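A short worksheet on the structure shown next.
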Amino acid sequence: MDIGIDLIFKIAAIGIVTAIVNQMLNKAGKEELGLMASLVGIIIVVLMVVEKVSYLFNSVKTLFDL
Amino acid sequence: MIYKIMGIGLIAVFLSLTTKKISKEAASLVSILAGIIIVILLLPYIREITENLQNFSADNNIPNNYIKLLIKVLGIGFLSEFCASVAKDAGENSIAQKIQFGGKVLIMVLAMPLFNTLITIITDLL
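Chains as they are written, first to last, in this note's numbering: chain F, 19 to 84; chain D, 400 to 525.
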């Protein structure tokens with residue numbers, strides 16, 4: 019499972035890209051579109067994190083037989 | 400192994416610092432993910448510990464349900480501490496307190512039968 023470190027970079031990259039897109043859209047005068055873009059970016063990041071969280075919680079559940 | 404954990408931790412700290420200026424959510428998500436990945440890397444070692452505990456009880460006939468209870472309490476303690484620290488990182492101290500309170504209550508509930516056996520043993524002695 020050493021794929022994890024790439025995921026951290028991906029998440030940071032997505033966060034930065036969404037912020038840049040947001041700025042560009044704001045400059046272009048479409049504030050609400052920029053808001054939508056940053057929301058989409060955050061949702062993608064949260065989905066990736068939730069996938070890892072579910073993997074962790076399942077393995078902990080089987081490990082400690084909670 | 401410790402280098403891997405240290406490496407991931409340091410990289411995550413730097414990344415969350417850089418993204419903190421740009422977007423707060425990405426920074427906190429990076430720190431949450433770093434914690435999760437470090438724990439995922441440690442899972443095989445935790446499995447080893449719990450298996451040793453169980454073999455230990457099987458060898459010199461300590462009743463197994465106490466060891467199982469101990470492992471269960473360990474799991475609850477670990478999970479509640481993990482979520483509480485994540486919540487504290489994100490600045491939500493009250494949620495962190497509630498999570499820890501919930502963990503304590505669940506551990507108390509699990510330990511109840513143990514108290515009963517303890518009390519009965521003591522009253523028998525007197």
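Glycine residues also receive a C-beta, built at the ideal position from the N, C-alpha and C atoms. If you're wondering where the values come from, they're calculated on a predicted model, not measured in any experiment.
Please classify residue 493/D as buried or exposed, where buried requires at least 16 neighbouring CB atoms within 10 angstroms. The residue labelled residue 493/D in the question sits at position 94 within the second sequence. Label assigned to residue 493/D: exposed.
Checklist entry - Taking 8 Å as the CB-CB cut-off, is residue 424/D touching chain F? => result Working through the second sequence from its first residue, we reach residue 424/D at position 25. Answer yes: the Cβ-Cβ gap between residue 424/D and chain F drops below 8 Å somewhere.
>> In chain order, what are the residue ranges of uninterrupted alpha helix (DSSP H) at least 4 long that sit wholly in the stretch 471-524 of chain D?
In response: 492-524
Interface positions of the stretch 41-73 of chain F facing chain D (Cβ-Cβ less than 9 Å), listed along the chain:
Answer set for the stretch 41-73 of chain F: 56, 59, 60, 63, 64, 66, 67, 70, 71 and 73.
Please report the distance separating the alpha-carbon of residue 42/F from that of residue 479/D. For the purposes of this step, residue 42/F is identified with residue 24 of the first sequence, where counting begins at 1. For the purposes of this step, residue 479/D is identified with residue 80 of the second sequence, where counting begins at 1. The straight-line gap from Cα to Cα measures roughly 41 Å.
*Determine the DSSP secondary structure at residue 422/D, reduced to helix, strand or coil.*
Taking the second sequence and counting its residues from 1, one reaches residue 422/D at position 23. In this structure, residue 422/D counts as coil in the three-state DSSP scheme.
| query | Under a CB-based cut-off of 8 Å, is residue 39/F close to chain D? | reply | Walking along the first sequence from the start, residue 39/F turns up at place 21. Output row for residue 39/F: interface = no.
Exercise. Please confirm whether residue 424/D and residue 60/F have their CB atoms less than 8 Å apart.
Key: Within the second sequence, numbered from 1, the residue matching residue 424/D stands at position 25. Within the first sequence, numbered from 1, the residue matching residue 60/F stands at position 42. Going by C-beta atoms, residue 424/D is nearer than 8 Å to residue 60/F.
Next on the checklist: What does the Cβ neighbour count give for residue 45/F, buried or exposed, with the cut at 16 atoms within 10 Å?
Outcome noted: As a first step, residue 45/F must be located in the first sequence, where it is residue number 27. It counts as exposed.
Same chain, Cβ closer than 6 Å to residue 37/F, five either side skipped, listed in chain order:
By 1-based counting over the first sequence, the position of residue 37/F is 19. There are no such residues.
Q. Residue 486/D: which of 443/D, 427/D, 519/D and 503/D sits nearest, CA to CA?
A. Here residue 486/D refers to the residue found at position 87 when the second sequence is read from its first residue. Answer by Cα proximity: 427/D.
query = Would you say residue 24/F reaches chain D, if we count a Cβ-Cβ gap shorter than 8 Å as a contact?
reply = For the purposes of this step, residue 24/F is identified with residue 6 of the first sequence, where counting begins at 1. No, its Cβ sits nowhere closer than 8 Å to a Cβ of chain D.
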